[in-house]
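First residue of the sequence shown? That's 1087 in our numbering, and the numbers climb one at a time after it. What follows is a single structure, written as structure tokens, with notes after it.
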Amino acid sequence: MAETAKWYVIHTYSGYENAVAAAILKAAENRKMQDLIQEVNIPMEKVTERTDDGEKTVERKVFPGYVLVKMILTDESWHLIHNVRGATGFVGSEGKAIPLTEQEIYALGVEHREIVVGYSVGDTVKVTDGPLDGFLGTVEELDAEKNLVRVCVSMFGREMPVELELDQVEPAQE
């Protein structure tokens, strides 16, 4: 089916997310399938709740009733997931497990990719992707947290600031 590990969404009974995650890991360990089922994640967020006693910060599930699993989908791993108590199956169409896209994975904050940039504010860079591919510009602003760089590009005799992703530009060869 799949030869590389991908992230899949498992639907669970409400309130059983932690039990399902633990059971998946335990079953994979017992059956020596850690190479197929690599990681289990329950996306959490910190929320400040206001009560009569004041404010307190608590963690809550971003998607109640769902668990994310990074796995290589085979018949064995599919059956392992379906036989876990509390798991109702994969999220997908017509009973087929559909993996998350890379954009969805990074948007959920499940995995983080680290981009090393070889340029800084004031440097001349070349756009390597998108409609402005091949244009040269000057870096005005870098925001590694949001994966954005603002570049001032000369188009039609005017300086135009454009926002691009960090990996869409590279240092210009002088």
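Ideal Cβ placement from N, Cα and C applies to all residues, glycine included.
Measuring CB to CB, does residue i end up less than 8 Å from residue j?
| i | j | result |
| --- | --- | --- |
| T1214 | E1245 | no |
| E1226 | V1211 | no |
| M1264 | I1123 | Absent from the structure is residue 1264, since the part of the chain shown begins at 1087 and ends at 1260. |
| T1098 | G1172 | yes |
| V1155 | Y1094 | yes |
| V1170 | I1110 | yes |
| A1183 | L1222 | no |
Could you name the residues of the same chain whose beta carbon sits closer than 8 Å to that of residue i, not counting the 5 residues immediately before and after it, in chain order?
| i | result |
| --- | --- |
| K1112 | none |
| E1145 | M1130, E1131, K1132 and V1133 |
| K1142 | T1134 and E1135 |
Taking 7 Å as the limit between beta carbons, can you name the residues of its chain near residue i, skipping five residues before and five after?
| i | result |
| --- | --- |
| L1218 | V1239 and V1248 |
| M1119 | E1162, S1163 and L1166 |
Please report the residue range of the beta strand (DSSP E) in which residue i lies.
| i | result |
| --- | --- |
| K1212 | T1210 to V1213 |
| K1142 | G1140 to K1147 |
| D1229 | L1222 to D1229 |
| V1207 | Per DSSP, V1207 belongs to no beta strand (DSSP E) and is neither H nor E. |
| G1175 | A1173 to F1176 |
| T1098 | K1092 to T1098 |
| S1179 | Where S1179 is concerned, there is no enclosing beta strand (DSSP E), given that its DSSP letter is neither H nor E. |
| P1247 | R1244 to E1251 |
| I1123 | I1123 to N1127 |
Please report the Cβ distance between residue i and residue j, rounded to the nearest whole angstrom; I am assuming they are in contact, meaning their Cβ atoms lie under 8 Å.
| i | j | result |
| --- | --- | --- |
| Q1254 | G1208 | Contact doesn't hold; Cβ gap of about 18 Å is too wide. |
| G1175 | H1165 | Contact flag wrong, Cβ pair sits at about 11 Å. |
Assuming residue i is part of the alpha helix (DSSP H), what are its boundary residues?
| i | result |
| --- | --- |
| A1193 | E1188 to L1194 |
| S1069 | Because the chain in this structure spans residues 1087 to 1260, residue 1069 falls outside the shown range and cannot be described. |
| I1110 | E1103 to N1116 |
Once the 5 residues before and after residue i are set aside, which same chain residues still bring their CB inside 6 Å of it?
| i | result |
| --- | --- |
| K1092 | P1185 |
| L1234 | E1249 |
| A1114 | Q1120 and I1123 |
Got a sec: is the Cβ-Cβ distance from residue i to anything in chain C below 8 Å?
| i | result |
| --- | --- |
| E1180 | Chain labels in this structure do not include chain C; a single protein chain is all it has. |
Exercise. If you pair each beta-carbon of the region 1126-1136 with each one of the region 1099-1109, do three or more pairs fall below 8 Å?
Worked result: The region 1126-1136, when compared against the region 1099-1109, does touch it at the 8 Å Cβ threshold.
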